[in-house]
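Asker: So the sequence shown is numbered by the UniProt record's numbering: it starts at 1 and just counts up by one.
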Amino acid sequence: MIFALDIGTRKIAGLLVDMDESGKMIVHDVIVREHEHRAMLDGQIHDVEKVARAVSIVKSELESRNNVKLEKVAVALAGRFLKTYFGEASADVSETGEITSDIVTKLELEAVANTMDNVEPNMYCVGYSVVRYELDGMWFKKIEGLKGGKASVKVVATFLPSHVVEAMLSVLRKVNLTITHLTLEPIAAVNITVPEDLRILNIALVDVGAGTSDIAISKEGTIIAYGMVPLAGDEITEAITKNFLLDFSTAEYVKRNLETSEILRVKNILDKEKEIRREDVIKAIEPIVDYMTKQIADEIVELNGGKPQVVMIVGGGAKVPIFASHLAKHLDMDEEFVSLKMAKNLDFVDKTGQIVGSEFITPLGIGYTALTKTGSVFEYVTVNGERVQLIGFRGTYTVWEVLAQMGKDIHSLLGKPGRSVVIEINGNPVVIKGKMPVPASVKINGVEATLRDTVKHGDIIEVGEAIDGEDAKPMLYDLIKPIYLRSIETDKVIEYYPKVKLNGKEVFQNTELHDGDTITYERVTVREIREFLSQDLIRIEYSVNGVYKEAYAGEVKIFKDDLELRDENTVEPGEELKYALVLNYPKVRDLPEMEKVSIVIKVNGQPTVLTKDGVLVWVNDQLVTPDYEIKDGDKIKTQIPEEQNFIVADVLRLFDFDPRKVVRYTLLKNGEKAGFTDILNSGDEIIFEYETAESLESEN
Numbered sequence: 001m002i003f004a005l006d007i008g009t010r011k012i013a014g015l016l017v018d019m020d021e022s023g024k025m026i027v028h029d030v031i032v033r034e035h036e037h038r039a040m041l042d043g044q045i046h047d048v049e050k051v052a053r054a055v056s057i058v059k060s061e062l063e064s065r066n067n068v069k070l071e072k073v074a075v076a077l078a079g080r081f082l083k084t085y086f087g088e089a090s091a092d093v094s095e096t097g098e099i100t101s102d103i104v105t106k107l108e109l110e111a112v113a114n115t116m117d118n119v120e121p122n123m124y125c126v127g128y129s130v131v132r133y134e135l136d137g138m139w140f141k142k143i144e145g146l147k148g149g150k151a152s153v154k155v156v157a158t159f160l161p162s163h164v165v166e167a168m169l170s171v172l173r174k175v176n177l178t179i180t181h182l183t184l185e186p187i188a189a190v191n192i193t194v195p196e197d198l199r200i201l202n203i204a205l206v207d208v209g210a211g212t213s214d215i216a217i218s219k220e221g222t223i224i225a226y227g228m229v230p231l232a233g234d235e236i237t238e239a240i241t242k243n244f245l246l247d248f249s250t251a252e253y254v255k256r257n258l259e260t261s262e263i264l265r266v267k268n269i270l271d272k273e274k275e276i277r278r279e280d281v282i283k284a285i286e287p288i289v290d291y292m293t294k295q296i297a298d299e300i301v302e303l304n305g306g307k308p309q310v311v312m313i314v315g316g317g318a319k320v321p322i323f324a325s326h327l328a329k330h331l332d333m334d335e336e337f338v339s340l341k342m343a344k345n346l347d348f349v350d351k352t353g354q355i356v357g358s359e360f361i362t363p364l365g366i367g368y369t370a371l372t373k374t375g376s377v378f379e380y381v382t383v384n385g386e387r388v389q390l391i392g393f394r395g396t397y398t399v400w401e402v403l404a405q406m407g408k409d410i411h412s413l414l415g416k417p418g419r420s421v422v423i424e425i426n427g428n429p430v431v432i433k434g435k436m437p438v439p440a441s442v443k444i445n446g447v448e449a450t451l452r453d454t455v456k457h458g459d460i461i462e463v464g465e466a467i468d469g470e471d472a473k474p475m476l477y478d479l480i481k482p483i484y485l486r487s488i489e490t491d492k493v494i495e496y497y498p499k500v501k502l503n504g505k506e507v508f509q510n511t512e513l514h515d516g517d518t519i520t521y522e523r524v525t526v527r528e529i530r531e532f533l534s535q536d537l538i539r540i541e542y543s544v545n546g547v548y549k550e551a552y553a554g555e556v557k558i559f560k561d562d563l564e565l566r567d568e569n570t571v572e573p574g575e576e577l578k579y580a581l582v583l584n585y586p587k588v589r590d591l592p593e594m595e596k597v598s599i600v601i602k603v604n605g606q607p608t609v610l611t612k613d614g615v616l617v618w619v620n621d622q623l624v625t626p627d628y629e630i631k632d633g634d635k636i637k638t639q640i641p642e643e644q645n646f647i648v649a650d651v652l653r654l655f656d657f658d659p660r661k662v663v664r665y666t667l668l669k670n671g672e673k674a675g676f677t678d679i680l681n682s683g684d685e686i687i688f689e690y691e692t693a694e695s696l697e698s699e700n
């Protein structure tokens, strides 16, 4: 049996409820008592002692009438201080494979964390509901086990100020009651009036109490929003007080009997008896009812994004006859779809015969919610040695919800991802992501668990610290890959890195990169690679005229696949080439010391250089030809002859003509006739002119 307690602004209702085998709730007893004057205002406990005395009376009467000892209780908190925030989060899941429960948890927690930036201090998160999952822009009921690119979630997170909870706990401690179930009044009301199979409809539930009007919205199978308007039955009572000069309790009597009485006989504050007609009261309260329903209608439209299909009204404050019609007017709805929901029409068993009106909806909802979630709602758990009273409204608690109620920062439980670094490579931005964090370690009763695992009354929770992800620390060669050079002979691979400039300065080794660095590099030519590989060629040592010399004995051949590359070909970083070292000794003619003999003369008035091979070469004291191959250790001597004669015939080789066709020519050396074998010296002047048969014919 459950002791359900509804502590309202004007009165307290205590119910003893149970559930039969068919799942129908049974009410065994009910007691309703008024508060002492102004013990509560607008649904909030203002005088703990007065409220505790009223609760004690209800508890004692139920114990006495039913011969039971009541030690545990299910209660609800008023919605006046309830605040809800929507949060969203998205994640790239394109490289994760199937979406796991851990990914979903992290996504949901990030969405809840994103609401907390807007939450004022001393507010406790008491739970959240997932409003919508999306994968690549499409709605899904669940996304765990699916694959896609971008996953998103939207949640509604609910918060209460700490003083609301502490005041309730103080009252119950004073009467020796322990909370076994704590919910919110709008949640209790909606649970019993709008069961899950009706939530596919767009329904607005309005619970009009004495101090507040609480609102819950259902749509598409879930409760999508909660809201509150700080106007309710007390405003109507006060209007009656002012218009007819009645004290508050007499005005309450008038309001409660408007449904059944045409004329009410009362005594005003001047002790004069008066008859008040129902129609006069309606006229007096109509302005405030119109104002209240306008505010409630505006809140419904704001929460719902438009008018709903149906409005259900519950609570004692809404029983005045004109309330539903005015609310329908402001919602631009037919009155048929805006109506008062009576407790007697709910599917339950009332053994007392007293539970009839809408004012019993919330106490019934508290009992129903507690009955259907018994065993899932807990008294306390212990977190790292600290006892924590659970204050959630869903009846099931995860580790992270417990920690959030303790005021723990959600981000501190998840850890922060490492900072990313953005590098520019040849003008293109490249993002290097930091490492992902490691969430806080969790144990429940000594067993490894996660933040998403549920807990029960008395569980011992141990929570470690989250480990933040490491910042990205990319190295230059993480981004600039080498060219892989594979030897055809040995299959050994050599890495060749291109010339790179980091922030405009050339670098020659691997180095750490920082955010904002710029990297530039040019395509590598085969010539550069050939020069690099030439270091592995056989080197020979020799001397020329007593001077020490070195040279490579061979050449490098470079291939891409089976195609030999030329020096002007270019290669991208990351490509693989093959190479071979071919043995080939240098020849005498390739030596730079093979100097030539030259003279400068004038030919037909133009300065002209004549050149001849003029060096004699001895290798190891033996005269050799230009084709001689130089070996390691060779001693080479070169000599230019004292006289290396140039003759006039050397000049004639500069002219492109056929001597057999020349019919007349002039050949002068320094102004005098010269022969073909005359010797030339630097500074000589040669005049050579000729005519052929063809040229003479063209002139004629």
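Where is the CB? At the ideal position from N, CA and C, for every residue including glycine.
By Cβ distance below 8 Å, which residues in the same chain neighbour Val171 in space, the five residues on each side in sequence not counted?
Answerer: Taking the sequence shown and counting its residues from 1, the one referred to as residue 171 is at position 171. Contacts found: Ile7, Ile45, Val48, Val51, Ala52 and Val55.
Asker: Is DSSP giving Gly227 helix, strand or coil here?
Answerer: If you number the sequence shown from 1, residue 227 lands on position 227. Three-state result, Gly227: strand.
Asker: Quick check on this structure: which residue in Arg539, Val349 and Asp29 has the alpha carbon closest to the alpha carbon of Tyr585?
Answerer: On the sequence shown, position 585 is the one that residue 585 refers to. Comparing Cα-Cα distances from Tyr585 to each of Arg539, Val349 and Asp29, the minimum goes to Arg539.
Asker: Counting only beta-carbon separations shorter than 8 Å, does Gln535 have a partner in chain B?
Answerer: Any reference to chain B falls outside this structure, which holds one protein chain only.
Asker: Our contact map puts Ala188 next to Thr362 with C-beta atoms below 8 Å; I'd like the distance itself, whole angstroms only.
Answerer: Here residue 188 is taken as the residue at index 188 of the sequence shown, counted from 1. Here residue 362 is taken as the residue at index 362 of the sequence shown, counted from 1. Their Cβ separation, rounded to whole angstroms, is 6 Å, which keeps Ala188 and Thr362 in contact under 8 Å.
Asker: Which term fits Met475, buried or exposed, when burial requires 16 or more other beta carbons within 10 angstroms of its beta carbon?
Answerer: Along the sequence shown, one-based indexing puts residue 475 at 475. That one is exposed.
Asker: Within the continuous alpha helix (DSSP H) that includes residue 708, where are the two ends?
Answerer: Residue 708 is absent from the model: the chain starts at 1 and stops at 700.
Asker: Hey, quick one: how far does the alpha helix (DSSP H) through Phe532 stretch, first residue to last?
Answerer: Position 532 of the sequence shown, counted from the first residue, corresponds to residue 532. That run of the alpha helix (DSSP H) goes Val526 to Leu533.
Asker: Does the segment 198-215 come within contact of the segment 153-162, defined as at least 3 CB pairs closer than 8 Å?
Answerer: Touching, no, given that fewer than three Cβ pairs across the two stretches are closer than 8 Å.
Asker: Quick check for students: name the residue ranges of the beta strand (DSSP E) that lie wholly in the segment 425-450, counting only runs of 3 or more.
Answerer: Correct list: 428-432, 442-444 and 447-449.
Asker: When burial is assigned at 16 or more other CB atoms within 10 Å of the CB, is Ala232 buried or exposed?
Answerer: Looking up residue 232 in the sequence shown gives position 232. So Ala232 counts as buried.
Asker: Can you give the Cα-Cα distance for Met1 and Leu135, rounded to whole angstroms?
Answerer: In the sequence shown, residue 1 corresponds to position 1, counting from 1. In the sequence shown, residue 135 corresponds to position 135, counting from 1. Approximately 45 Å, taken between the alpha carbons.
Asker: In chain order, what residues of the same chain lie with their CB nearer than 7 Å to the CB of Arg33, ignoring the 5 residues before and after it?
Answerer: Numbered from its first residue, the sequence shown carries residue 33 at position 33. If we look at Arg33 and ignore the five residues flanking it on each side, its Cβ neighbours are Lys11, Ile12, Ala54, Ile57 and Val58.
Asker: May I ask you to check if the CB of Ser598 is nearer than 7 Å to at least one heavy atom of the ligand COA?
Answerer: Absence of the ligand COA from the depicted structure is noted, as is the absence of any ligand whatsoever, leaving it without description.
Asker: Does the Cβ of Tyr226 have 16 or more other Cβ atoms within 10 Å, making it buried, or fewer, making it exposed?
Answerer: As a first step, residue 226 must be located in the sequence shown, where it is residue number 226. Label assigned to Tyr226: buried.
Asker: If we call anything under 8 Å between Cβ atoms a contact, is Val526 one with Leu581?
Answerer: Translated into the one-based positions of the sequence shown, residue 526 becomes position 526. Translated into the one-based positions of the sequence shown, residue 581 becomes position 581. No, they are not a contact pair.
Asker: Assuming contact is defined by CB atoms lying nearer than 8 Å, are Ala91 and Lys154 in contact in what I supplied?
Answerer: Taking the first residue of the sequence shown as position 1, residue 91 is located at position 91. Taking the first residue of the sequence shown as position 1, residue 154 is located at position 154. No.
Asker: Quick check: the Cα distance between Glu275 and Glu262, rounded to an integer number of angstroms?
Answerer: Translated into positions along the sequence shown, residue 275 becomes position 275. Translated into positions along the sequence shown, residue 262 becomes position 262. The alpha-carbon atoms of Glu275 and Glu262 are separated by roughly 10 Å.
Asker: Only counting runs of 4 or more residues, tell me where the alpha helix (DSSP H) segments fall wholly within the segment 41-94, in order along the chain.
Answerer: The qualifying runs are 48-66.
Asker: How many Å lie between Ser598 and Leu610 at the Cα?
Answerer: For the purposes of this step, residue 598 is taken as residue 598 along the sequence shown, with counting starting at 1. For the purposes of this step, residue 610 is taken as residue 610 along the sequence shown, with counting starting at 1. Taking the straight line from one Cα to the other gives about 5 Å.
Asker: Can you tell me which of Tyr521, Ile410, Gly367 and Ile494 puts its alpha carbon nearest to the alpha carbon of Asn428?
Answerer: Locating residue 428 in the sequence shown gives position 428, where the first residue counts as 1. When only C-alpha atoms are compared, the closest one is Tyr521.
Asker: Gly395 to Thr369, Cα distance in whole Å?
Answerer: The residue labelled residue 395 in the question sits at position 395 within the sequence shown. The residue labelled residue 369 in the question sits at position 369 within the sequence shown. Since pLDDT at Gly395 reaches only 41, below the 50 mark, its modelled position is unreliable, and no value is offered.
Asker: Could you pull out every unbroken beta strand (DSSP E) segment of at least 3 residues lying fully inside the segment 123-161, listed in chain order?
Answerer: Here the runs fully enclosed are 123-135, 138-140 and 150-161.
Asker: Confirm, please, whether the CB-CB distance from Ile223 to Glu299 is below 8 Å.
Answerer: Indexing the sequence shown from 1 puts residue 299 at position 299. Indexing the sequence shown from 1 puts residue 223 at position 223. No; because the gap between Cβ atoms is not below 8 Å, this pair is not in contact.
Asker: Just to confirm my understanding: we take Tyr665, look at its own chain, exclude 5 residues before and 5 after, and list those with CB closer than 8 Å. What are they?
Answerer: The sequence position of residue 665 within the sequence shown is 665, counting from 1. Once the five neighbours on either side are set aside, the close Cβ partners of Tyr665 are Phe688, Glu689, Tyr690 and Glu691.
Asker: Does the Cβ of Asp347 have 16 or more other Cβ atoms within 10 Å, making it buried, or fewer, making it exposed?
Answerer: Taking the sequence shown and counting its residues from 1, the one referred to as residue 347 is at position 347. Under this definition Asp347 is an exposed residue.
Asker: For the alpha helix (DSSP H) holding Glu302, just list the boundary residues, first then last.
Answerer: Taking the first residue of the sequence shown as 1, we reach residue 302 at position 302. Run containing Glu302: Arg278 to Asn304, per the alpha helix (DSSP H) assignment.
Asker: Enumerate in chain order the residues of its own chain whose CB-to-CB distance from Leu16 is below 7 Å, with the five nearest sequence positions on each side excluded.
Answerer: By one-based count along the sequence shown, residue 16 stands at place 16. The answer, listed in chain order, is Met1, Phe3, His28, Asp29, Leu62 and Asn66.
Asker: Is it the case that the segment 428-440 contacts the segment 495-503, given that we only count it when at least three CB pairs across the two stretches are under 8 Å?
Answerer: These segments do not touch.
Asker: Thinking C-beta only, is Ser420 closer than 8 Å to Val431?
Answerer: Along the sequence shown, read from residue 1 onward, the residue named residue 431 stands at position 431. Along the sequence shown, read from residue 1 onward, the residue named residue 420 stands at position 420. In this structure, Ser420 lies closer than 8 Å to Val431 by Cβ.
Asker: With distances taken from CA atoms, which of Lys587, Asp459 and Gly316 is nearest Val617?
Answerer: Along the sequence shown, read from residue 1 onward, the residue named residue 617 stands at position 617. For Val617, the nearest C-alpha among the options comes from Lys587.
Asker: Going by beta carbon distance, what residues of the same chain come within less than 6 Å of Lys661, once the five residues before and after it are set aside?
Answerer: Here residue 661 refers to the residue found at position 661 of the sequence shown. Around Lys661: Thr692.
Asker: Just verifying my parser: in three-state terms, what is the DSSP assignment at Phe508?
Answerer: For the purposes of this step, residue 508 is taken as residue 508 along the sequence shown, with counting starting at 1. Phe508 falls in the coil class under three-state DSSP.
Asker: Quick one: which unbroken beta strand (DSSP E) runs of 3-plus residues sit fully inside the segment 623-652? Chain order, please.
Answerer: Counting whole runs of 3 or more residues, the segment 623-652 contains the beta strand (DSSP E) stretches 635-639.
Asker: Indicate the three-state DSSP secondary structure (helix, strand or coil) for Val356 in the structure shown.
Answerer: Counting from one through the sequence shown, the residue named residue 356 turns up at place 356. DSSP places Val356 in coil when its eight states are reduced to three.
Asker: For Thr608, which residues in the same chain have their Cβ closer than 6 Å to its Cβ, ignoring the five residues on either side in sequence?
Answerer: For this step, residue 608 is matched to residue 608 along the sequence shown. Correct list, in chain order: Ile601.
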